[in-house]
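Protein chains in written order, with this note's numbering: chain A, 107 to 314; chain B, 107 to 314; chain C, 107 to 314; chain D, 107 to 314; chain E, 107 to 314; chain F, 107 to 314; chain G, 107 to 314; chain H, 107 to 314.
Working notes, structure below.
8 protein chains.
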Amino acid sequence: MTKPYVRLDKDNAAVLLVDHQAGLLSLVRDIDPDKFKNNVLALADMATYFKLPTILTTSFEQGPNGPLVPELKAQFPDAPYIARPGNINAWDNEEFVAAVKATGKRQLIIAGVVTEVCVAFPALSAIEEGFDVFVITDASGTFNEITRHAAWERMTQAGVQLMTWFGAACELHRDWRNDIEGLGTLFSNHIPDYRNLMTSYATLTQGK
Amino acid sequence: MTKPYVRLDKDNAAVLLVDHQAGLLSLVRDIDPDKFKNNVLALADMATYFKLPTILTTSFEQGPNGPLVPELKAQFPDAPYIARPGNINAWDNEEFVAAVKATGKRQLIIAGVVTEVCVAFPALSAIEEGFDVFVITDASGTFNEITRHAAWERMTQAGVQLMTWFGAACELHRDWRNDIEGLGTLFSNHIPDYRNLMTSYATLTQGK
Amino acid sequence: MTKPYVRLDKDNAAVLLVDHQAGLLSLVRDIDPDKFKNNVLALADMATYFKLPTILTTSFEQGPNGPLVPELKAQFPDAPYIARPGNINAWDNEEFVAAVKATGKRQLIIAGVVTEVCVAFPALSAIEEGFDVFVITDASGTFNEITRHAAWERMTQAGVQLMTWFGAACELHRDWRNDIEGLGTLFSNHIPDYRNLMTSYATLTQGK
Amino acid sequence: MTKPYVRLDKDNAAVLLVDHQAGLLSLVRDIDPDKFKNNVLALADMATYFKLPTILTTSFEQGPNGPLVPELKAQFPDAPYIARPGNINAWDNEEFVAAVKATGKRQLIIAGVVTEVCVAFPALSAIEEGFDVFVITDASGTFNEITRHAAWERMTQAGVQLMTWFGAACELHRDWRNDIEGLGTLFSNHIPDYRNLMTSYATLTQGK
Amino acid sequence: MTKPYVRLDKDNAAVLLVDHQAGLLSLVRDIDPDKFKNNVLALADMATYFKLPTILTTSFEQGPNGPLVPELKAQFPDAPYIARPGNINAWDNEEFVAAVKATGKRQLIIAGVVTEVCVAFPALSAIEEGFDVFVITDASGTFNEITRHAAWERMTQAGVQLMTWFGAACELHRDWRNDIEGLGTLFSNHIPDYRNLMTSYATLTQGK
Amino acid sequence: MTKPYVRLDKDNAAVLLVDHQAGLLSLVRDIDPDKFKNNVLALADMATYFKLPTILTTSFEQGPNGPLVPELKAQFPDAPYIARPGNINAWDNEEFVAAVKATGKRQLIIAGVVTEVCVAFPALSAIEEGFDVFVITDASGTFNEITRHAAWERMTQAGVQLMTWFGAACELHRDWRNDIEGLGTLFSNHIPDYRNLMTSYATLTQGK
Amino acid sequence: MTKPYVRLDKDNAAVLLVDHQAGLLSLVRDIDPDKFKNNVLALADMATYFKLPTILTTSFEQGPNGPLVPELKAQFPDAPYIARPGNINAWDNEEFVAAVKATGKRQLIIAGVVTEVCVAFPALSAIEEGFDVFVITDASGTFNEITRHAAWERMTQAGVQLMTWFGAACELHRDWRNDIEGLGTLFSNHIPDYRNLMTSYATLTQGK
Amino acid sequence: MTKPYVRLDKDNAAVLLVDHQAGLLSLVRDIDPDKFKNNVLALADMATYFKLPTILTTSFEQGPNGPLVPELKAQFPDAPYIARPGNINAWDNEEFVAAVKATGKRQLIIAGVVTEVCVAFPALSAIEEGFDVFVITDASGTFNEITRHAAWERMTQAGVQLMTWFGAACELHRDWRNDIEGLGTLFSNHIPDYRNLMTSYATLTQGK
């Protein structure tokens with residue numbers, strides 16, 4: 107009677123980055139900005155490293171919400187990029203849903219700003235259509251802890267799995283032996299404590 | 107087997123504001139007073155903006171609980187206003203339930219003071235009668251975080267969806283193109299960070 | 107398909123106070139001592155006020171755990187008092203279970219020290235035997251927030267309803283008109299903010 | 107040997123509002139935005155109420171720092187307004203210092219964004235020139251608590267007096283009898299808890 | 107060159123309780139209400155126990171600030187009670203200063219609501235007149251931590267000594283042998299952890 | 107229809123200690139290091155005390171993750187010790203699963219570093235294979251509270267029971283009379299508050 | 107005009123451990139018990155390591171305050187041990203002051219429970235007599251952060267230097283070359299993060 | 107009688123980076139690692155940008171403290187680099203002091219790990235020799251808030267000025283017109299909120 111453990115599979119997962127825009131980011135106050143920026147870029151590097159199809163979308167770039175942060179634009183030059191003309195829930199945008207479905211993947215890894223809207227709405231819509239949804243909590247930001255907590259409750263009630271970029275990377279990789287250097291570099295670039303461990307280790311073992 | 111995503115629908119939703127009274131507000135200590143006042147007024151403006159039927163109710167206004175805050179009274183002069191003579195759970199008051207049913211709506215958006223009583227009790231009663239219930243967490247206040255957390259657990263166990271006024275406004279609006287100015291004004295009036303984005307944007311694009 | 111809302115009923119509820127002992131109380135660090143003491147005595151006054159059958163139990167009073175706090179002993183001189191010779195889960199003690207069953211009530215209101223043991227264990231056992239269980243979270247204490255949070259998750263998974271003494275009192279009372287003075291006194295004695303409201307109100311209306 | 111208590115005097119005080127600009131405000135993360143906006147507007151209302159000469163200044167309005175928030179511009183249409191072309195410390199701007207000196211006041215009430223730069227620099231410069239300086243801590247914001255704490259230590263070392271808008275208003279007013287209604291209105295507009303007290307009081311005593 | 111340690115002396119100290127009024131107490135949010143009430147009553151009991159001359163004063167009792175909390179009125183029926191007609195700084199009231207001077211004491215123990223006004227203003231004035239001032243920090247409350255911290259800095263700059271009711275009681279008592287039972291009772295009534303120690307001790311040593 | 111209460115049973119439980127390595131421990135920032143070290147050693151002592159079969163496993167000991175902390179190696183010299191060559195989820199390692207199954211136990215008590223990976227992955231895998239899984243939350247650590255909270259949600263969704271070492275010890279022991287001294291020693295060594303109670307008790311009753 | 111930097115000197119320093127008693131420790135709530143116990147034992151080990159004369163004192167051991175914690179008694183079997191019959195300020199006890207003076211040291215390192223009484227009182231008295239006083243903040247505990255903060259302000263006003271056991275150990279040691287192993291052992295035993303660094307280092311360089 | 111405001115002067119300041127080593131960084135727990143890394147690199151970029159003479163020093167690189175973080179080594183290839191053989195206080199190392207004096211600067215900007223030792227010791231020594239000392243608080247880290255707070259008190263008592271990297275950069279630059287692009291780049295690289303402002307601004311004004 108136990109439901110099987112739905113595990114991220116790098117051959118069956120796509121990444122949706124929703125509304126990480128220069129203006130909207132000023133609304134994020136449940137995670138410190140240095141840390142949040144690092145988490146978003148870590149998730150982007152994870153998507154690149156595992157060659158996961160990635161979809162970018164924004165809401166009203168021309169207005170106060172501001173443009174997509176340039177780092178993401180630069181990192182995914184060939185990704186589908188849906189600048190939504192007005193739909194708040196990205197899943198209400200046919201072009202976006204088409205892009206998602208075109209990936210052929212059934213596991214969706216979602217992050218965005220702000221959590222209870224730009225993340226939760228498409229997450230709930232995708233669940234309803236039978237996708238497995240994994241929300242990257244630490245690359246999604248919102249106004250405060252009450253807002254985040256409420257959004258998490260609503261999403262878990264519906265069956266969303268809450269993860270972090272580090273947990274997702276580990277679950278996708280499965281085994282260090284698949285590529286020690288690649289995963290190590292991802293961690294070194296985004297986890298200062300891990301980088302320090304690697305620095306000390308390298309110094310002692312390789313004299314560098 | 108997936109339960110459909112129950113989404114707020116502006117043609118099927120009513121707002122219940124429960125016991126935002128001048129005396130009872132001194133009990134609210136899980137949200138700062140400046141922020142809480144702003145959230146309650148934002149919810150009221152949201153109800154007005156989307157023309158949602160709104161019901162006001164209070165408990166024992168003549169006693170120490172104090173009168174309904176005057177801003178709400180002024181904003182909804184024609185709303186049903188049930189000054190309950192004694193029922194703690196508003197749903198135990200027939201006049202209140204009749205007013206709710208008279209709206210003909212099946213989605214109830216509830217906020218009030220204090221969360222574990224004035225909000226949770228009618229929320230649980232309404233769920234039992236088959237309504238979809240959305241509690242606006244940041245326009246509902248209580249004694250402290252333990253109390254809030256306990257109330258949230260009890261309500262989510264029963265199927266209540268936890269939201270915030272911003273999330274609710276976004277889910278009701280669906281698409282910015284329905285009215286950019288109206289939603290923008292709502293946000294500008296109640297989200298200082300968003301107002302600042304709009305100010306900078308207007309200055310640069312319109313020279314004002 | 108909706109499960110009926112299980113509501114506290116003063117004719118069907120009993121209170122179990124588990125291991126509020128002078129020594130064990132020094133372990134409680136997730137709630138400040140002034141506040142915790144107040145909450146426990148508020149719960150006791152609530153039990154007295156609603157004439158709920160109340161059962162006291164302790165673990166190893168003769169050893170370092172120390173005696174039951176004298177206030178509880180004094181307040182319930184005729185209550186069953188089971189000084190357990192060794193059972194950690196009070197429900198493993200036949201005399202305790204017999205006392206619970208002798209009340210004839212199906213709703214159990216439980217509080218104690220420490221939350222994840224003295225409260226959670228009998229709560230889970232009682233649920234298993236078909237009782238409705240309501241844990242008074244703010245009259246139950248433990249080592250820290252991690253411990254509390256873990257205990258709450260385990261109990262809600264099993265169907266325990268989390269409440270607070272104030273929420274329980276309101277749900278038991280149903281209607282202020284049943285006795286305004288009695289409930290007001292209970293609140294005045296244990297909620298300083300409410301007492302202040304009453305003081306100001308009395309001064310203005312009765313000149314006292 | 108005791109230094110006389112330097113007390114704010116409404117006939118000898120001027121207010122300096124430094125760099126409350128729409129862009130820079132997104133840097134303020136040591137106070138919540140709702141509360142911070144309220145504090146800044148309260149300080150402005152205090153300056154207006156006591157008819158204190160007020161000076162506005164900004165840094166680089168045309169660039170990303172953004173324009174002065176429109177509320178302040180509107181409230182002080184006739185105040186000296188020094189849009190500094192580049193000086194970070196406002197006191198390095200001759201026009202600004204001239205405006206300060208033109209007020210003829212020896213007590214300077216300063217607030218701004220961010221605390222350790224736009225507030226601390228002119229505060230330290232003014233102290234050096236013999237002014238008495240009062241920094242309004244809750245209408246000044248910065249990146250985080252470490253930054254705030256460090257700025258406070260540096261300023262108090264130099265003799266700055268740390269105050270809040272409420273404390274300053276009380277010290278300027280001296281006696282409620284000077285104008286009960288005026289001070290009451292200021293408090294009612296910016297302290298929700300006080301507004302609630304006034305609402306309850308008015309209802310009971312005047313039936314409104 | 108070392109300044110002598112100014113130590114509280116029960117023969118040379120008076121207690122000033124400033125504006126602990128039912129309405130104003132709703133403004134106190136830097137200490138939890140249960141704990142704050144306990145601290146204020148502990149300070150009152152300390153004053154009574156050491157027979158320190160005590161002076162009560164209030165600001166605008168007839169208005170929204172509300173009456174002095176009845177516990178203090180009852181505990182000091184014969185104390186000078188100055189209901190100030192309008193002076194915000196109690197030291198601006200001649201009757202109050204006369205009452206202070208009439209005690210003949212040079213050490214003033216001050217507590218009140220709110221810290222940066224009702225406590226800080228008379229504290230600074232008293233320092234200026236050569237009194238030694240001891241502010242009881244935990245029986246004085248205000249809006250939030252920023253406000254408290256700013257008030258503390260201003261007062262310590264001027265030479266105020268910051269204490270707590272417990273520290274003051276210990277410094278006044280000097281030696282347990284002066285009266286073990288009396289001091290023990292004071293602690294037992296206001297420090298739950300200490301009461302528990304006494305309960306366990308009494309049980310083991312006296313079988314009660 | 108109630109699911110029976112799954113209770114830890116010392117004859118049916120095994121302990122899995124996953125990746126408590128000297129390097130990885132520097133990543134743990136959701137629990138203070140002093141406290142975390144104490145919790146891990148308490149869990150180890152609990153396993154020893156109840157003679158629970160215990161399995162040690164590590165990930166990449168030769169690299170920056172560092173060696174298993176020496177205390178655990180020393181305490182379980184005969185335990186199966188699986189130094190995984192690369193599998194991130196210990197359950198993907200056949201040798202590890204074989205060791206678990208060789209214990210013949212159906213209840214698995216799991217703790218490790220970091221929570222959302224080294225603990226959550228094998229916990230979810232074990233649940234899928236029908237084991238009852240109990241995660242010891244306070245002997246498992248991770249980057250921050252967001253990470254921990256997300257991991258807990260994912261695990262409880264799947265049916266994991268969250269516990270603490272103290273709760274687990276109490277549930278395993280069942281009755282103090284089974285061995286007062288043994289359990290008391292375990293608590294005394296790892297709960298300073300409990301040790302203090304025992305010290306005071308021993309002094310008063312045994313003069314030592 | 108600069109006052110010389112008063113630096114701890116191992117040939118001129120004594121350690122005073124004041125009232126670390128089993129009962130009083132239950133009052134300490136500004137530092138977690140695991141961490142506090144570790145800090146006190148670290149300070150004791152530091153005193154032993156640097157062979158600093160150490161003086162133990164307690165207040166009312168026979169009563170509820172409880173006995174000195176046995177670890178300290180065992181570690182300093184030959185130290186002067188003054189069980190004060192009643193003086194709250196240890197400096198009021200002639201035997202204690204005589205013991206301090208008998209050490210011939212002018213630098214006093216003080217820690218104790220609770221900070222604002224048992225530490226602050228003798229610290230202030232010793233300053234007055236011309237000693238240099240260094241309070242070890244993290245081996246001194248009290249009720250809460252307000253209490254600690256107030257005590258720190260009073261002590262720094264008087265010239266006390268606030269330190270931690272780690273800072274004191276480093277200042278006493280001056281140069282690692284004086285004894286690498288000894289200092290390393292002290293740190294390894296009381297700083298889990300440092301122990302982990304040493305474990306990883308030893309494994310890589312010595313294969314152990 | 108006012109002491110002149112000692113203001114950072116880019117022609118008279120040197121930067122001392124003390125013990126930012128890969129191992130020691132694992133001890134820093136009063137600032138999150140992402141943020142701390144960013145602050146340290148921001149300070150380094152500030153030193154480079156203003157061409158301030160910079161001195162690197164480390165303690166025991168060959169042991170568990172680990173090597174200087176490679177980013178600093180790479181950024182200052184020609185800076186004096188004093189690998190101290192054992193002195194804990196860098197100022198006890200003659201080579202270090204000689205390097206400091208060789209810069210000819212009288213203002214020292216110091217940051218390091220850990221605050222109460224590696225920063226506070228040389229800061230106090232430098233003050234004693236008549237330097238003006240500015241500690242960069244947010245690029246200095248330590249065990250926890252108690253440790254940080256104690257170190258700050260000791261340093262401010264001695265006359266150290268506490269600053270942050272952002273405050274220091276602003277005070278050194280004096281006027282944006284000296285180089286808008288350079289300072290803007292420094293901020294954009296290390297303050298995500300500022301970078302977002304610049305991104306939005308550039309998009310609106312330059313279409314990029």
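Backbone N, C-alpha and C fix where the C-beta goes; we use that ideal spot for every residue, glycine too.
Just so it is clear, the structure is predicted and the values come from calculations on it, not from any experiment.
Three-state secondary structure (DSSP) of residue i
{"i": "H/N193", "result": "strand"}
{"i": "G/G288", "result": "helix"}
{"i": "F/L114", "result": "coil"}
{"i": "H/D125", "result": "coil"}
{"i": "E/V51", "result": "Given that chain E is displayed from residue 107 to residue 314, the structure contains no residue 51 of chain E and the question cannot be resolved."}
{"i": "H/I137", "result": "coil"}
{"i": "F/G313", "result": "coil"}
Beta-carbon proximity check, residue i vs residue j, cutoff 9 angstroms
{"i": "A/L178", "j": "A/W271", "result": "no"}
{"i": "F/G129", "j": "G/N302", "result": "yes"}
{"i": "H/D244", "j": "H/I137", "result": "yes"}
{"i": "A/M240", "j": "A/Q263", "result": "Note on residue identity: the sequence assigns Phe, not Met, to residue 240 of chain A. Not closer than 9 angstroms, so no."}
{"i": "D/A217", "j": "D/L123", "result": "yes"}
{"i": "H/Q213", "j": "H/V146", "result": "no"}
{"i": "F/L133", "j": "F/V219", "result": "yes"}
{"i": "F/M304", "j": "F/G288", "result": "no"}
{"i": "C/D140", "j": "E/P183", "result": "no"}
Per-residue contacts from residue i into chain C (C-beta, under 8 angstroms)
{"i": "F/E277", "result": "I194, N195, V223 and F227"}
Chain-ordered neighbours of residue i on chain B, where CB pairs are closer than 8 angstroms
{"i": "E/R135", "result": "R135, D138 and P139"}
{"i": "H/L310", "result": "Y307, L310 and T311"}
7 angstroms Cβ cut-off: residues of chain G touching residue i
{"i": "C/S132", "result": "S132"}
Proximal chain F residues relative to residue i, where beta-carbon distance stays under 8 angstroms
{"i": "A/P110", "result": "E234"}
* the segment 203 to 217 of chain E contacting the segment 156 to 174 of chain E, beta-carbon criterion three pairs below 8 angstroms -> yes
* Output the residue ranges of the alpha helix (DSSP H) runs that lie fully inside the segment 223 to 249 of chain E and measure 4 residues or longer, sorted by chain position. => Counting only unbroken stretches of 4 or more residues, the alpha helix (DSSP H) elements lying wholly within the segment 223 to 249 of chain E are 226 to 234, in sequence order.
* How do the segment 224 to 232 of chain D and the segment 180 to 196 of chain D stand: do at least 3 beta-carbon pairs fall below 8 angstroms, yes or no? -> yes
* To do: List in chain order: all unbroken alpha helix (DSSP H) runs of 4+ residues lying wholly within the segment 155 to 212 of chain F.
  => 176 to 181 and 200 to 208
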